[in-house]
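Enquirer: Just dropping this structure here.
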Ligand SMILES: NC(=O)c1ccc[n+]([C@@H]2O[C@H](COP(=O)([O-])OP(=O)(O)OC[C@H]3O[C@@H](n4cnc5c(N)ncnc54)[C@H](OP(=O)(O)O)[C@@H]3O)[C@@H](O)[C@H]2O)c1
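Residue numbers (the working numbering): 32 to 355.
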């Protein structure tokens with residue numbers, strides 16, 4: 032048995048139950064992992080509320096680190112005793128131990144501790160693909176990145192600085208502005224106080240930015256399009272404020288032949304070779320000290336519902352982990 036968070040129905044944080052679940056043995060291609068730490072991500076909220084549907088009852092959580100206890104037939108990537116981490120499906124990472132498809136697991140270098148790993152796999156791999164695969168940055172660009180003091184945001188702030196990119200970060204409070212700046216943002220805009228479109232135009236002397244990374248969705252979508260220079264790329268990668276409403280393609284034409292994409296990490300890590308390359312890049316950024324995983328909140332796994340309340344109330348900054 033393992034203690035784990037389960038939901039019987041979608042809804043508020045109160046639907047999360049901390050219960051005993053049977054573990055079983057890993058089948059072909061699977062590994063049993065005993066978790067040392069689990070990651071908290073905004074996508075977990077989308078699954079809990081039902082914005083992203085899944086069959087119920089279900090587990091929650093897509094990220095954790097720990098030790099492989101047993102492997103099933105045909106598993107070659109990992110063996111019992113390996114220190115591993117993962118970011119991916121199926122949901123169910125909010126658990127003391129679980130069975131995972133072994134090809135989603137990445138072996139951890141000795142230099143990366145379990146808490147750091149659980150705080151960085153999903154958010155750090157996301158920054159890797161956003162900056163190097165979706166819209167590859169060369170250095171020297173000025174970009175707009177929303178929610179710069181969040182989990183993905185603080186990693187992006189440091190990563191941008193490391194590759195010579197001027198990041199304009201948006202945040203919801205002055206304290207968060209300080210934090211994002213200290214982590215490497217060149218400019219920070221408090222979008223609760225200032226009009227971010229006007230500020231981006233000022234900072235870029237009217238030119239706009241070549242790319243916007245927007246994980247806020249509904250509240251920022253149109254403004255983000257307005258910040259782009261002609262032929263710019265809108266990367267809409269999340270919907271913390273709600274899904275982007277339907278829009279006409281003319282919106283892209285009228286602003287100068289814009290591009291738009293709605294990426295998800297799972298498409299970028301679907302091939303094992305890509306997952307390994309992306310993880311190796313993330314590990315090297317962390318090992319070099321250019322990106323520090325700032326774990327700013329820790330909760331007991333049994334308090335996962337409170338962690339969700341704080342995340343949704345915009346009370347958290349940086350990465351958050353749950354300790355089983
Ligand atoms: N597509 C992908 O591959 C992918 C992968 C990872 C994450 N994501 C997305 O990236 C975003 C960040 O994820 P994260 O886990 O690092 O979360 P996070 O940024 O730590 O938390 C979300 C932040 O969004 C901002 N926000 C703006 N409006 C909000 C609202 N109405 N309700 C709640 N928050 C609001 C808040 O910052 P302020 O107070 O500063 O506004 C809040 O702290 C999420 O949208 C997530 O879905 C996408």
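Backbone N, C-alpha and C define an ideal beta-carbon position, used for all residues, glycine too.
Check this for me: beta carbons of residue 191 and residue 215, under 8 Å apart or not?
Expert: In this structure, residue 215 lies closer than 8 Å to residue 191 by Cβ.
Enquirer: DSSP beta-bridge partners for residue 259?
Expert: Bridge partners of residue 259: 240.
Enquirer: Is residue 343 near ligand 1, judged by its Cβ being under 7 Å from some heavy atom?
Expert: Yes, Cβ of residue 343 sits closer than 7 Å to a heavy atom of ligand 1.
Enquirer: Where do the N-terminal and C-terminal ends of the alpha helix (DSSP H) with residue 339 fall, by residue?
Expert: It spans 335 to 343 - the alpha helix (DSSP H) in which residue 339 sits, taken as one unbroken run.
Enquirer: Have a look at the DSSP bridge pairing and note the partners of residue 221.
Expert: 202, per the DSSP bridge assignment.
Enquirer: Rounded C-beta distance between residue 248 and residue 275? I'm assuming under 8 Å.
Expert: That belief holds up - the Cβ atoms of residue 248 and residue 275 are roughly 5 Å apart, short of 8 Å.
Enquirer: For my contact list, residue 360 and residue 60 are in at a C-beta cut-off of 8 Å; report their separation, rounded to the angstrom.
Expert: Because the chain here runs from 32 to 355, residue 360 falls outside it and cannot be looked at.
Enquirer: Is it buried or exposed for residue 180, if we count other Cβ within 10 angstroms and need 16 for buried?
Expert: When all chains shown are included, residue 180 counts as buried.
Enquirer: How about the segment 109 to 117 and the segment 129 to 144: do they share at least three Cβ pairs that are nearer than 8 Å?
Expert: A contact exists between the segment 109 to 117 and the segment 129 to 144.
Enquirer: Where does residue 93 fall in DSSP's three states?
Expert: In this structure, residue 93 counts as coil in the three-state DSSP scheme.
Enquirer: Where does residue 293 sit, in a helix, a strand or coil, going by DSSP?
Expert: Residue state, collapsed to three classes: coil.
Enquirer: By how many angstroms is the C-alpha of residue 99 removed from the C-alpha of residue 55?
Expert: Residue 55 and residue 99: Cα-Cα distance of roughly 14 Å.
Enquirer: Tell me which same chain residues have a C-beta within less than 7 Å of the C-beta of residue 208, skipping the five on either side of it?
Expert: Correct list, in chain order: 202, 219 and 221.
Enquirer: Helix, strand or coil for residue 355 per DSSP?
Expert: Here residue 355 sits in coil by DSSP.
Enquirer: Output the distance between the C-alpha atoms of residue 194 and residue 354, rounded to the nearest integer angstrom.
Expert: Taking the straight line joining both Cα atoms gives about 33 Å.
Enquirer: To the nearest angstrom, how far is it from the Cα of residue 174 to the Cα of residue 166?
Expert: Taking the straight line from one Cα to the other gives about 11 Å.
Enquirer: Since residue 151 and residue 350 should fall inside the 8 Å C-beta cutoff, what is the C-beta to C-beta distance between them, to a whole number of angstroms?
Expert: 7 Å between Cβ atoms; contact.
Enquirer: Per the contact definition of three or more C-beta pairs closer than 8 Å, is the segment 327 to 334 in contact with the segment 306 to 313?
Expert: Touching, no.
Enquirer: Find out if the Cβ-Cβ distance for the pair residue 36, residue 91 is shorter than 8 Å.
Expert: Their beta carbons are under 8 Å apart, which means residue 36 touches residue 91 by this criterion.
Enquirer: Tell me whether residue 135 is buried or exposed, calling it buried when 16 or more other Cβ atoms sit within 10 Å of its Cβ.
Expert: By the neighbour-count rule (16 or more Cβ atoms within 10 Å), residue 135 is buried.
Enquirer: Any chance the CB of residue 84 is under 7 Å from a heavy atom of ligand 1?
Expert: No; taking the cut-off as 7 Å, the Cβ of residue 84 has no heavy atom of ligand 1 nearer than that.
Enquirer: Which residue comes first and which comes last in the beta strand (DSSP E) that contains residue 3?
Expert: Residue 3 lies beyond the stretch modelled for the chain, which goes from 32 to 355, so this question has no answer here.
Enquirer: By the 10 Å Cβ neighbour count, where 16 or more other Cβ atoms means buried, how is residue 107 classified, buried or exposed?
Expert: Residue 107 should be labelled exposed.
Enquirer: So, using beta-carbon positions, are residue 268 and residue 244 closer together than 8 Å?
Expert: For residue 268 and residue 244, yes; Cβs fall inside 8 Å.
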